[in-house]
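Under my numbering, the first residue of the sequence shown is numbered 5, with each subsequent residue one higher. Just so you know, even glycine gets a beta-carbon here, dropped at the ideal spot from N, CA and C.
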Amino acid sequence: MEEKKLIKYFSNLNTLIHNVLNFHWNVTGGLFLTLHQLYNEQYNFIFESIDQLAEILKMKGIYPPTCIKEIYELADIKTMESKDYSARETIEYEIEQFEQMNKLAYELGEIANKEDQLSLVDFFTNQTNFFNKQLYFLRQLLK
Ligand SMILES: [Fe+2]
Numbered sequence: 005m006e007e008k009k010l011i012k013y014f015s016n017l018n019t020l021i022h023n024v025l026n027f028h029w030n031v032t033g034g035l036f037l038t039l040h041q042l043y044n045e046q047y048n049f050i051f052e053s054i055d056q057l058a059e060i061l062k063m064k065g066i067y068p069p070t071c072i073k074e075i076y077e078l079a080d081i082k083t084m085e086s087k088d089y090s091a092r093e094t095i096e097y098e099i100e101q102f103e104q105m106n107k108l109a110y111e112l113g114e115i116a117n118k119e120d121q122l123s124l125v126d127f128f129t130n131q132t133n134f135f136n137k138q139l140y141f142l143r144q145l146l147k
């Protein structure tokens, strides 16, 4: 597994957590409490994931990036302005970004599997399980 790919995934998670916090705080409308709580569960999971991946990186002798500026340059998840968002906007943005993360997690899981890197297989399997379940929740909300 290329170090670059893991660092990019790590940077994406670090960017995504800020978007989820943004929506947790700024979502508006009648679904506020429901989405506020859903987004809370999501950022707790993402926070744990960042720590787990950082520890896997450290076990490989890789330093996880910690400078915010560097993280945002390495990530390909876009950052979002802090402002009011309708429930639908937050759900649509999350679907777009979670799909992107899910695809990447699946690709990296496949590579880890071929290379018999079990801790990474485990990590990326958990990631795709999480993103798939969240995508299901979000799509149900839009129906
Ligand atoms: Fe909160």
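| Should the segment 68-86 be called in touch with the segment 38-49, which here means at least 3 C-beta pairs below 8 Å? | no
| message | Given the structure, does residue 28 come close to ligand 1, in the sense that its CB is under 7 Å from one of the ligand's heavy atoms? | response | At least one heavy atom of ligand 1 is nearer than 7 Å to the Cβ of residue 28, so yes.
| task | State the beta-bridge partners of residue 31 as determined by DSSP. | result | 89
| request: Classify residue 79 as helix, strand or coil using the three-state DSSP reduction. | output: coil
| request: Taking the CB atoms as reference points, tell me whether residue 57 and residue 13 lie closer together than 8 Å. | output: yes
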